[in-house]
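Peer 1: This is the structure I have questions about; it appears just below.
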Amino acid sequence: MEATAFNRLLSRRTLLGAAGAAGLLAALPGCGSSVGEQAATTAGGSIKIGLVIPQAGVYAPLGTDMKRAWDLFLERHNNKLGNYTVTTVTADEGETPQTGVPAVQKLLQSDRVDVLVGIVNSAVALGVKDMVVEAKKLLIVSNAGANDITGKARTPYIWRTSFTNSQVSAVMGKVLAGTAPAGVFAIAPDYAAGAEAIAGFTGTFQAGGGKVLGPAKPAFGKTQDYQPFLSQIQTSGAQATFCFFAGAEAVAFVKQYQQFGLSGKIPLYGSGFLTEGGVLTAQGDAALGVQTTLHYTSELDNPANKEFRSAYEGKYQAVPTVYAVQTWDAALVLDRALRKATALDGDTLSKALESVGSVQDSPRGPWTFEGQNPKQTFYLRKVEMKDGKPVNAVVRDMGVSGQPAT
Amino acid sequence: MIAVSILNGLAIGLLLFIVAVGLSLVFGMMDVLNLAHGALFLAGAYAAWFVAGENPTMAGFLAALGVAGLAGIVAGGGLSLLTEPLARRSHLDQALLTLGVALAVAELMALAFTKDVRAVNPPRGLDRAIDLFDSQYPVYRLAPIGIGLLLAAATHYVVERTPVGALIRATVDDRDMVAASGIDVRVVRVAVFAAGSALAMVAGVLGSPIYSARPGLDITILILALVVVVVGGLGSVRGVLLGALLIGQVESLGRALLSDLASFLLFGTLAVVLALRPHGLFRVAGGR
Chain A
254 MEATAFNRLL SRRTLLGAAG AAGLLAALPG CGSSVGEQAA TTAGGSIKIG LVIPQAGVYA
314 PLGTDMKRAW DLFLERHNNK LGNYTVTTVT ADEGETPQTG VPAVQKLLQS DRVDVLVGIV
374 NSAVALGVKD MVVEAKKLLI VSNAGANDIT GKARTPYIWR TSFTNSQVSA VMGKVLAGTA
434 PAGVFAIAPD YAAGAEAIAG FTGTFQAGGG KVLGPAKPAF GKTQDYQPFL SQIQTSGAQA
494 TFCFFAGAEA VAFVKQYQQF GLSGKIPLYG SGFLTEGGVL TAQGDAALGV QTTLHYTSEL
554 DNPANKEFRS AYEGKYQAVP TVYAVQTWDA ALVLDRALRK ATALDGDTLS KALESVGSVQ
614 DSPRGPWTFE GQNPKQTFYL RKVEMKDGKP VNAVVRDMGV SGQPAT
Chain B
2 MIAVSILNGL AIGLLLFIVA VGLSLVFGMM DVLNLAHGAL FLAGAYAAWF VAGENPTMAG
62 FLAALGVAGL AGIVAGGGLS LLTEPLARRS HLDQALLTLG VALAVAELMA LAFTKDVRAV
122 NPPRGLDRAI DLFDSQYPVY RLAPIGIGLL LAAATHYVVE RTPVGALIRA TVDDRDMVAA
182 SGIDVRVVRV AVFAAGSALA MVAGVLGSPI YSARPGLDIT ILILALVVVV VGGLGSVRGV
242 LLGALLIGQV ESLGRALLSD LASFLLFGTL AVVLALRPHG LFRVAGGR
C-alpha cells in the first residue's frame, strides 16, 4: 500500500515536471515546425524519431525486444530510413499512462521528434491521440492492440504495424469452430484487452456453431492463484480452454494449468502472447502442447524471416519475438514511406504510408495496411521441444485476415 | 469445486501464516513496521530458483530451504540493527527506512535476476496432481499445509509455553519493564527479528512453485501479510493464524464464489473486521 502511494507521488512529480516543460515550450510556437519543414524540403536530410518503449515495469522485456529490432534495422540500413539520416530518441513508456503519456509529450514538445514509433500499452496509445493529432505528427504503434486505436478512435496520424486484440483471437474461434461440441471455456483478465480478446473469439466461434462456457474474468494484476478458475474449468465439462494472458500472468496460468492436471485432459488454446518470448522460457515443460494463434513465430519458414532471425540471433544471442518483428516492420514501412514523402509532417507521411501497398519482405510474411492496421497471415502454433528448448512450431497457415469490424 | 477451494484456501492461508507471523511479532514486540518483509519473501523465492534450479530435486529444494533460513537470520539481524536507532521514533520514520530498504533490495534483485519471471517447479516426487473431491489437485500444495501447521504449533508452543516465549510476550506487553528487570531487550529484539525474517524467506522458497519469483511479488505478498496482521491483531500468534486462515479462504473460496468482486474482497474483509473489532480478531492484553 505504502509503495503504491510512493509510486503515485513519483509519477505525479514526473508529470508536473513534464507539464512545466510543456508550458515553457508552448511559449515558443512555430519553432519546431519550421525546423522540421526545412529539413524535409532538402532530400536526404535528417529525421528525428521518438522510440517510445517500456524500459521499466512489467512490460520491460517487450521494450527490450522492440529496441533491439529497431537498432538492428538501422544498423543494416546505414542508419537511414529512405534518404534521411536517423536520430533516435528513446523514451521510457513505463507501465501505465501516468508514465507513458508524459514520455510522448516530452518527445513531441522538448525533443521535437518528427515521427513516433512504439507504445506497448493500449491506454498510452489512446491517451496520446489528441496530442499527436494536435502536433500533426505521425505515430506508428508497434504493439498496443486495443481495437479502438485503428477503430472508433481512428485518426490519419496513427498507424499500426501490430494487431488488434480481437483480430488475433477471432482466428482461434475459427480454429476451434466445429470441434468441442460440449463447449470451450473462455478466460481472460477483466480489463479492456481481455474483454476484446474474448469478444473476438466468441464472435467467430459462435458463428461456427460453438458454445462458449464461462467466461471467467480474473482480476487483472491482482490474481496470483488461478485455482478457483481452474476448478471451475474442470467441473464445467468443457472440452477445451481458450485464454488470453500475457507476461507474468501467462507464466502463472500455464504453470498452474499443468500443476492442477488440466493440461493432459482439457487442451489449452490462446492468443499467441500466452507463449511468446521470455514467458515461454519460464513456462518450460508446462507449455508443451499449448496451441495459440499469432501473426508471427520465430519458426516461420520464409527467406525474410531466416535472414532476420540469423541477424537478430547473431547480434543479441536471443530468439526474435513478435514484438521485435512489429517494430522491425514499423521501420520497414517508414523506410518505404520516406522514399516517397516530400515533407515530414503527419499529413504527408500518412499519405505516403497509404501508398506503401503490400509489404513483401517482412519476417512475418506478406501483409498490407487495411484501415491503418495490418491485414496479415495468421498461424496456428503449437509449443514443441526443439534442441531442448520450447518453441512455437507452425501447425497450420490460417490464411489472411484484417481487423474485425467493431 | 467448493471443497477444493476450501482446501486450497487452507494451503494459501498457512503459507501466509508463515510469512506474517514474523511481521506480527516484530511489530507487536518493538513497534517496528517492517515494510521490507515482502522483499524477504521474494528473496526466498529467488533463492529457490538460484539454489535448487528450475526443476529441483527434493535434496536441492531442502538445501534451498536451509540457505533461505540462514540468509533470513542474517538479513533479519541486519534489519534489526538498521532500525535500532529509530526505535523511539514514529512508525512513519521506520516505515520510510524499511520501505527504502525494500525498494533498493527489489531493484537489486531485478538487476541480478532480470525482469523475466523465474519459475520454479515443485520438487520431484511432488510435481503431480492427485484426485481430490472429483477434481485434480497438485500434491505439492499439501506441503504448505503440513509445514504451516507444524510451524504454527511450534511457534505457539515456544511463545506460550517456554521461558523464551514468556520473555517475548513480556517484551510485547511492556518493553521498558522487561529492560528494568535486568534483561537486555536488544537481544530479544534481534532474535525475534532474525527468526521472523528467516520464516519469511523460508515461506518464499515454499511459495516459489505456486507464485514464481518475479518483480512485484514482494509488494503483493507484503500487502497480504499486512492485511493478515491487522485482521488477526498485532503481536499475537493465535491472531495471525486465525487472520491468515481467514484471508486464505477469502483469496481462494471468496474468489471462487464471488469472482466479480475479487478485487474488492480482500480489503472489504479488512474493512469489516476493522469496523467490528478495531484491534483485530485477537487483541493482545495491554497491546497497542
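As you go down the protein sequences, you meet chains A and B in turn. The opening residue of the first sequence carries number 254 in my numbering; numbering runs sequentially from there. The opening residue of the second sequence carries number 2 in my numbering; numbering runs sequentially from there. Yeah, the Cβ is synthetic: ideal placement off N, Cα and C, and Gly gets one too.
To the nearest angstrom, how far is the alpha carbon of Val-612 (chain A) from that of Arg-634 (chain A)?
Peer 2: Approximately 23 Å, taken between the alpha carbons.
Peer 1: Verify the CB distance criterion: does Asp-117 (chain B) have a CB-CB separation below 8 Å to chain A?
Peer 2: Cβ-Cβ to chain A under 8 Å: yes for Asp-117 (chain B).
Peer 1: Kindly indicate if chain B contains any beta-carbon less than 8 Å away from that of Ser-484 (chain A).
Peer 2: Judged by the 8 Å Cβ criterion, Ser-484 (chain A) is in contact with chain B.
Peer 1: With distances taken from CA atoms, which of A:Pro-556, A:Glu-529, A:Leu-606 is nearest Ala-577 (chain A)?
Peer 2: When each option's Cα is compared against that of Ala-577 (chain A), the closest is A:Glu-529.
Peer 1: Under the three-state reduction of DSSP, which class applies to Phe-134 (chain B): helix, strand or coil?
Peer 2: Coil, per DSSP.
Peer 1: Just the Cα atoms here: how many angstroms apart are Ile-411 (chain A) and Gln-625 (chain A)?
Peer 2: Whole-angstrom Cα-Cα distance: 8 Å.
Peer 1: Could you check how far apart the C-beta atoms of Val-342 (chain A) and Val-366 (chain A) are, in whole angstroms? I think they sit under 8 Å.
Peer 2: 6 Å between Cβ atoms; contact.
Peer 1: Give every residue of the same chain whose Cβ lies closer than 6 Å to the Cβ of Pro-434 (chain A), excluding the five residues on either side of it in the sequence, and list them in chain order.
Peer 2: Closer than 6 Å at Cβ, skipping near neighbours: no residue.
Peer 1: So if I threshold CB-CB distances at 7 Å, which residues from the region 633-658 of chain A count as touching chain B?
Peer 2: If the cut-off is 7 Å between Cβ atoms, the region 633-658 of chain A has nothing near chain B.
Peer 1: What in chain B is Cβ-close to Ala-313 (chain A), meaning under 7 Å?
Peer 2: The contacting residues are Lys-116.
Peer 1: Name the DSSP beta bridge partners of Ile-411 (chain A), please?
Peer 2: DSSP, once it has assigned bridges, lists A:Leu-392 as partnering Ile-411 (chain A).
Peer 1: To the nearest angstrom, report how far apart Ala-105 (chain B) and Asp-383 (chain A) are at their CA atoms.
Peer 2: Near 37 Å, if we compare the C-alpha coordinates of Asp-383 (chain A) and Ala-105 (chain B).
Peer 1: Could you tell me the alpha carbon to alpha carbon distance between Tyr-420 (chain A) and Gly-234 (chain B), rounded to whole angstroms?
Peer 2: First, the residue type needs correcting, since residue 420 (chain A) is Gln and not Tyr in the sequence shown. The straight-line gap from Cα to Cα measures roughly 51 Å.
Peer 1: Report yes or no: do three or more beta-carbon pairs, one from the region 176-190 of chain B and one from the region 65-78 of chain B, lie closer than 8 Å?
Peer 2: No, the region 176-190 of chain B is not in contact with the region 65-78 of chain B.
Peer 1: From the DSSP secondary-structure annotation, give me the bridge partner or partners of Gly-303 (chain A).
Peer 2: A:Val-342, A:Leu-369.
Peer 1: Would Val-5 (chain B) and Phe-134 (chain B) qualify as a contact pair, given that the criterion is a beta-carbon distance under 8 Å?
Peer 2: Yes.
Peer 1: Just tell me which of B:Leu-109, B:Ala-120, B:Ala-144, B:Ser-136 has its CA closest to the CA of Gly-126 (chain B).
Peer 2: Among B:Leu-109, B:Ala-120, B:Ala-144, B:Ser-136, the Cα nearest to that of Gly-126 (chain B) is on B:Ala-144.
Peer 1: Does the beta carbon of Pro-300 (chain B) sit closer than 8 Å to a beta carbon anywhere in chain A?
Peer 2: Shown here, chain B extends from 2 to 289; a query on residue 300 (chain B) therefore has no answer.
Peer 1: Alpha carbon to alpha carbon, what distance is there between Pro-307 (chain A) and Gly-316 (chain A)?
Peer 2: When rounded, the distance between both Cα atoms is 5 Å.
Peer 1: Mind pulling the chain B residues with CB within less than 8 Å of Thr-488 (chain A)?
Peer 2: Result: Met-2, Asp-135, Ser-136.
Peer 1: Just reading off the beta strand (DSSP E) that Asn-645 (chain A) is part of, what are its end residues?
Peer 2: 642-654 is the span of the beta strand (DSSP E), which, as asked, contains Asn-645 (chain A).
Peer 1: When you compare each of A:Trp-581, A:Phe-498, A:Ala-469 to Ala-263 (chain B) by their alpha carbons, which one comes out closest?
Peer 2: Cα-wise, what sits closest to Ala-263 (chain B) is A:Ala-469.
Peer 1: So, at 6 Å on beta carbons, what are the nonlocal neighbours of Ala-322 (chain A) in its own chain, with the 5 sequence-adjacent residues on each side left out?
Peer 2: Excluding positions up to five away in sequence, the list reads Ala-577, Thr-580, Trp-581.
Peer 1: Using a threshold of 8 Å, state whether the C-beta atoms of Leu-515 (chain A) and Leu-483 (chain A) are closer than that.
Peer 2: In contact: Leu-515 (chain A) and Leu-483 (chain A) (Cβ atoms closer than 8 Å).
Peer 1: Sort B:Val-203, B:Ala-195, B:Tyr-47, B:Ala-171 by Cα distance to Thr-84 (chain B) and report the nearest one.
Peer 2: Of the candidates B:Val-203, B:Ala-195, B:Tyr-47, B:Ala-171, the one whose C-alpha sits nearest the C-alpha of Thr-84 (chain B) is B:Ala-195.
Peer 1: Closer than 8 Å is the cut-off here; do at least three beta carbon pairs connect the region 605-622 of chain A with the region 585-595 of chain A?
Peer 2: Yes, since at least three Cβ pairs between the region 605-622 of chain A and the region 585-595 of chain A fall closer than 8 Å, the two stretches touch.
Peer 1: To be precise: take each residue of the region 454-481 of chain A, compare its Cβ to all Cβ atoms of chain B, and keep it if any distance is under 9 Å. Which residues remain?
Peer 2: The residues in question are Ala-469, Lys-470, Pro-471, Ala-472, Phe-473, Gly-474, Lys-475, Thr-476, Gln-477, Asp-478, Gln-480, Pro-481.
Peer 1: Which partner residues does Asn-626 (chain A) have in the DSSP bridge list?
Peer 2: Asn-626 (chain A) is bridged to A:Glu-623.
Peer 1: According to a CB-to-CB cut-off of less than 7 Å, which residues of the region 489-513 of chain A neighbour chain B?
Peer 2: So the list reads Ala-501, Val-504, Ala-505, Lys-508, Gln-512, Phe-513, given in the order they occur along the chain.
Peer 1: Between the C-alpha atoms of Cys-496 (chain A) and Tyr-479 (chain A), what's the straight-line distance to the nearest angstrom?
Peer 2: Roughly 12 Å separates the two Cα atoms.
Peer 1: Spatial neighbours of Pro-314 (chain A) within its chain, please: C-beta separation below 6 Å, excluding the five flanking residues on both sides.
Peer 2: Gly-531.
Peer 1: Given that a residue counts as buried once 16 or more other Cβ atoms are within 10 Å of its Cβ, and exposed if not, what is Gly-268 (chain B)?
Peer 2: First, the amino acid is wrong: residue 268 (chain B) is Phe here, not Gly. Answer is exposed; the Cβ neighbour count stays below 16.
Peer 1: Within 8 Å (strictly less), CB to CB, does Ala-540 (chain A) reach chain B?
Peer 2: Taking Cβ atoms only, chain B never reaches closer than 8 Å to Ala-540 (chain A), which makes this a no.
Peer 1: Quick check on Met-59 (chain B): buried or exposed, where buried means 16 or more other Cβ atoms within 10 Å of its Cβ?
Peer 2: Exposed.
Peer 1: Report, in whole angstroms, the separation of the C-beta atoms of Leu-541 (chain A) and Val-636 (chain A), which I expect to be a contact under 8 Å.
Peer 2: Contact holds; Cβ gap of about 6 Å.
Peer 1: What are the partner residues of Gly-523 (chain A), as DSSP defines its beta bridges?
Peer 2: According to DSSP, which records beta bridges pairwise, Gly-523 (chain A) is partnered with A:Cys-496, A:Thr-545.
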